[in-house]
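Colleague: Numbering (this note's numbering), first residue to last: 2 to 484.
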Amino acid sequence: MRYDYIIIGSGIVGSLLGRELVRYSFRVLMIEKGSDIGMGTSAANSAIIHAGYDPKPGTLKAKLNVRGNMLWDHLATELGIPFKKKGSYVVALVPEELPKLQELYEQGKHNGVPGLRLLSGEETREKIPGISPHACGSLFAPTAGIIDPFQANFFACENAVINGMELRLGTAFVDFLWENGAIVGIQTNAGEFRSRWVINAAGIHADEIMHKAGIHADYHIQPRRGQYVVLDRNVFSWDKVVFPCPNEQGKGILVATTMHGNTLIGPTSENVENKQALFTTEEGLKQAIEGGKRLVPNWDSRWIIAQYAGIRATLFPTKDFLIEVGEVPGFINICGIDSPGYASAPAIAEYVIEKLREKGEPLLPRHDFNPIREPRRLFKHLSPEERRRCIQKDPAYGRIVCRCEEITEGDLLAEIRGPIPARTYDALKRRTWLGTGRCQGSFDFSRVIEILARENHTSYYQVTKKGGNSRFVFSPVRGRDDL
Ligand SMILES: Cc1cc2nc3c(=O)[nH]c(=O)nc-3n(C[C@H](O)[C@H](O)[C@H](O)COP(=O)(O)OP(=O)(O)OC[C@H]3O[C@@H](n4cnc5c(N)ncnc54)[C@H](O)[C@@H]3O)c2cc1C
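Here it is in structure tokens:
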């Protein structure tokens, strides 16, 4: 079969673009090398829908950030994505930083960011209880928001799949298929696939794919790692999004609330050689903690329950997004999508569709496209009466698997049997928030392994955390060899 579009990569960019394409009468295939969708940078970031004062005026980043921020409201409603426009603050901690706030304010106004306000030191300390007593001014951006980045990515991709997009997991792009100077498909580790267009949405690997298409050999992605710590929401409550003044290395170490009520502190900014260097280091965590305490002093590092790292896909030398449609016939190139890539993703999809329209692509709307994602509500969000009926219908909802987050076996089975079946521990975690509480999974691991093995008709040894060789069980446990 020949597709109209093949999308390489199932992060937020590929997923939202896939969803836009299936609005029209196109056959769309998405390939993803991971064992699940959205395991790349879209799963390891600050989860802020930035307002758009940060990118330099005139850049594609500035334009798509501001537009993306606007589009998220409607998108989140259609897909049922947890999203709140709480506003964000950039705080000056010494008077020398105040001109920077003014600069960001002017820049934001130029970019078209609505509602920006400069606050005095007194107003800042009043609006942000707990902020450093040194705070001497801030920039407030009311349109900045926080999002659940796992669910946003998953819901977008699932909605595209329900509307007809084909998804192949564990399928890695290897090379292009060419005919008469045009790209006509791809070669993967799982065979060849032909299409009219191939879309590069491969995140930190997008430069390698673009080079294989024969363009921009002089551009490259310089991987830049950001490390974070996450605080236990049971002991520390913070409901703001606060940045320090940015410097030449980026937006700096923020202290932000998440959609799940935890506090996020980070990211650091370190150039790394290896795009796979997705691990935290002692030095990096120390920097994150120190940076967080500079801004918000009164918390204790003993309250940290998790840590993670993400890799930014900054494109050199431009440091801007690079989005091209048909530069090479049959190729759509989306490269250098570092921050604010999450905020911009809906606008990136819209931009590509506009470029396709300009190229005369037949955009015939499908009347059966359903933009609404019907929610699969978690047991913990049901009323007592709904819970009773739910357990009566399926006793699996009466078995709590994760105590901290109150996730039941029924919740997990709904995802294991869902439109994009969860096959690994982390796939369940991203869909349900399983294992993210204070005990970080130590209560639920064994139960989840058992459920995944049973449902996938496999042995305990084959159950993985995130695909590949990330198994939990390596040898018989307490003499049992029947696993
Ligand atoms: C530390 C940090 C903080 C950030 N904070 C924010 C923020 O607060 N707000 C914001 O707007 N943005 C933020 N960003 C940026 C944002 O996370 C990214 O711009 C966005 O997630 C990029 O999405 P993507 O779909 O392009 O890439 P990804 O999510 O990485 O998806 C690319 C996908 O392509 C797949 N892939 C790669 N190569 C192949 C291949 N050969 N074959 C098949 N599949 C392949 C990968 O497995 C992956 O699933 C941050 C980034 C970092 C690192």
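Glycine included, each C-beta is placed from N, C-alpha and C at the ideal position.
Rounded to the nearest angstrom, what separates R24 and I290 at their Cα positions?
Modeller: The sequence position of residue 24 within the sequence shown is 23, counting from 1. The sequence position of residue 290 within the sequence shown is 289, counting from 1. Approximately 45 Å, taken between the alpha carbons.
Colleague: For Y4, which of helix, strand or coil comes out of DSSP?
Modeller: As a working mapping, residue 4 is identified with position 3 in the sequence shown. Correct three-state label for Y4: strand.
Colleague: Could you check what DSSP says for H111 in three-state terms: helix, strand or coil?
Modeller: Position 110 of the sequence shown holds residue 111. If DSSP states are grouped into helix, strand and coil, H111 belongs with the helices.
Colleague: For C246, which residues in the same chain have their Cβ closer than 8 Å to its Cβ, ignoring the five residues on either side in sequence?
Modeller: Within the sequence shown, residue 246 is the residue found at index 245, counting from 1. Result list for C246: V91, V92, A93, L94, E98, K101, L102 and G253, in chain order.
Colleague: Quick check: is any heavy atom of ligand 1 less than 8 Å from the C-beta of G468?
Modeller: Residue numbering aside, residue 468 sits at position 467 when the sequence shown is read from its first letter. False, no ligand heavy atom lies under 8 Å from that Cβ.
Colleague: With C-beta atoms as the reference, is G285 less than 9 Å away from Q228?
Modeller: Along the sequence shown, one-based indexing puts residue 285 at 284. Along the sequence shown, one-based indexing puts residue 228 at 227. Going by C-beta atoms, G285 is nearer than 9 Å to Q228.
Colleague: What residue range is occupied by the uninterrupted beta strand (DSSP E) comprising N201?
Modeller: Counted from its first residue, the sequence shown places residue 201 at position 200. Residues G192 to N201.
Colleague: Look at F155 and I421 and say whether their C-beta atoms are less than 9 Å apart.
Modeller: As a first step, residue 155 must be located in the sequence shown, where it is residue number 154. As a first step, residue 421 must be located in the sequence shown, where it is residue number 420. For F155 and I421, yes; Cβs fall inside 9 Å.
Colleague: Using a Cβ-based criterion (distance less than 8 Å to any ligand heavy atom), does I129 qualify as near ligand 1?
Modeller: To locate residue 129, count along the sequence shown from 1; it is residue 128. No, the beta carbon of I129 sits no closer than 8 Å to any heavy atom of ligand 1.
Colleague: For D208, which of helix, strand or coil comes out of DSSP?
Modeller: Position 207 of the sequence shown, counted from the first residue, corresponds to residue 208. Reduced to three states, the DSSP call for D208 is helix.
Colleague: Please name the residue or residues paired with E271 in a DSSP beta bridge.
Modeller: Counting from one through the sequence shown, the residue named residue 271 turns up at place 270. E271 is bridged to R226.
Colleague: Quick one: what's A310 bridged to in DSSP?
Modeller: One-based indexing of the sequence shown puts residue 310 at position 309. Note: A310 sits in a beta bridge opposite Q228.
Colleague: Residue ranges of each beta strand (DSSP E) run of no fewer than 3 residues wholly in the region 280-356, ordered along the chain?
Modeller: Correct list: 305-317, 323-326 and 332-336.
Colleague: Indicate the three-state DSSP secondary structure (helix, strand or coil) for A45 in the structure shown.
Modeller: Stepping through the sequence shown from its first residue, residue 45 is reached at position 44. Coil, per DSSP.
Colleague: Here's the rule I'm using: 16 or more other beta-carbon atoms within 10 Å means buried, otherwise exposed. How should K64 be labelled?
Modeller: Your numbering for residue 64 matches position 63 in the sequence shown. That one is buried.
Colleague: Does DSSP put S471 in a helix, in a strand, or in coil?
Modeller: Within the sequence shown, the letter at position 470 stands for residue 471. In this structure, S471 counts as coil in the three-state DSSP scheme.
Colleague: Between F370 and N46, is the Cβ-Cβ spacing less than 9 Å?
Modeller: Stepping through the sequence shown from its first residue, residue 370 is reached at position 369. Stepping through the sequence shown from its first residue, residue 46 is reached at position 45. Cβ distance not < 9 Å, so F370 and N46 don't count as in contact.
Colleague: What does the Cβ neighbour count give for G465, buried or exposed, with the cut at 16 atoms within 10 Å?
Modeller: Locating residue 465 in the sequence shown gives position 464, where the first residue counts as 1. First, the residue type needs correcting, since residue 465 is Thr and not Gly in the sequence shown. Result: buried.
Colleague: Going by DSSP, what residues sit across from V29 in a beta bridge?
Modeller: Residue mapping note: residue 29 aligns to position 28 of the sequence shown, counting from 1. Answer is Y6.
Colleague: Between P363, Y54 and V297, which lies nearest to P130 when the distance is taken from Cα to Cα?
Modeller: Numbered from 1 along the sequence shown, position 129 holds the residue referred to as residue 130. Answer by Cα proximity: V297.
Colleague: In the structure shown, what three-state DSSP assignment does K87 receive?
Modeller: Within the sequence shown, the letter at position 86 stands for residue 87. Residue state, collapsed to three classes: coil.
Colleague: Considering only residues of the same chain and omitting the five flanking positions on each side of R126, which have a CB-CB separation below 8 Å?
Modeller: Taking the sequence shown and counting its residues from 1, one reaches residue 126 at position 125. Contacts found: I132, P134 and A136.
Colleague: Please name the residue or residues paired with P366 in a DSSP beta bridge.
Modeller: Taking the first residue of the sequence shown as position 1, residue 366 is located at position 365. P366 is bridged to Y25.
Colleague: Let me check one thing: in DSSP terms, what residues is R169 bridge-paired to?
Modeller: Here residue 169 refers to the residue found at position 168 of the sequence shown. In the DSSP output, where bridge partners are listed per residue, R169 has I32.
Colleague: Assuming the contact rule is C-beta atoms closer than 8 Å, L429 and L413 should be a hit. Round their C-beta distance to whole Å, please.
Modeller: Walking along the sequence shown from the start, residue 429 turns up at place 428. Walking along the sequence shown from the start, residue 413 turns up at place 412. Contact flag correct, Cβ pair sits at about 6 Å.
Colleague: Where do the ends of the beta strand (DSSP E) carrying I401 lie?
Modeller: Your numbering for residue 401 matches position 400 in the sequence shown. Unbroken beta strand (DSSP E) run through I401: I401 to C403.
Colleague: Does DSSP put Q188 in a helix, in a strand, or in coil?
Modeller: Here the question's residue 188 lines up with position 187 in the sequence shown. Of the three classes helix, strand and coil, the one that applies to Q188 here is strand, per DSSP.
Colleague: Taking the continuous beta strand (DSSP E) assigned at L140, which residues delimit it?
Modeller: In the sequence shown, residue 140 corresponds to position 139, counting from 1. That run of the beta strand (DSSP E) goes G138 to A142.
Colleague: With a threshold of 8 Å, establish whether the CB of T281 neighbours any heavy atom of ligand 1.
Modeller: Residue numbering aside, residue 281 sits at position 280 when the sequence shown is read from its first letter. No, Cβ of T281 sits at least 8 Å from all heavy atoms of ligand 1.
Colleague: Less than 9 Å between the C-beta atoms of T425 and L379, yes or no?
Modeller: Taking the first residue of the sequence shown as 1, we reach residue 425 at position 424. Taking the first residue of the sequence shown as 1, we reach residue 379 at position 378. No, Cβ-Cβ distance for T425 and L379 is not below 9 Å.
Colleague: At a cut-off of 8 Å, would you count V91 as near ligand 1, judging by its Cβ distance to the nearest heavy atom?
Modeller: Counting from 1 along the sequence shown, the entry for residue 91 is found at position 90. V91 Cβ: outside cutoff for every heavy atom of ligand 1.
Colleague: From A183, I349, K87 and L178, pick the residue whose C-alpha is nearest to that of T189; which is it?
Modeller: In the sequence shown, the residue the question calls residue 189 occupies position 188. Looking at the Cα atoms, L178 is the closest of the given residues.
Colleague: Shortest alpha-carbon distance to V242 belongs to which of L255, D233, N248 and N235?
Modeller: Taking the first residue of the sequence shown as 1, we reach residue 242 at position 241. Ranking the options by Cα distance to V242, first place goes to L255.
Colleague: Excluding the 5 residues flanking A397 on each side, which residues of the same chain have their C-beta closer than 6 Å to its C-beta?
Modeller: Position 396 of the sequence shown holds residue 397. Cβ neighbours of A397 beyond the five flanking positions: E410, G411 and L414.
Colleague: Taking only heavy atoms of ligand 1 into account, decide whether any of them is closer than 8 Å to the Cβ of Y343.
Modeller: Position 342 of the sequence shown, counted from the first residue, corresponds to residue 343. Yes, the beta carbon of Y343 sits closer than 8 Å to at least one heavy atom of ligand 1.
Colleague: Measuring alpha carbon to alpha carbon, tell me which residue in I49, I50, A48 and N66 is nearest P56.
Modeller: Start at 1 with the first residue of the sequence shown, and residue 56 comes out as number 55. Of I49, I50, A48 and N66, the residue nearest in Cα terms is N66.
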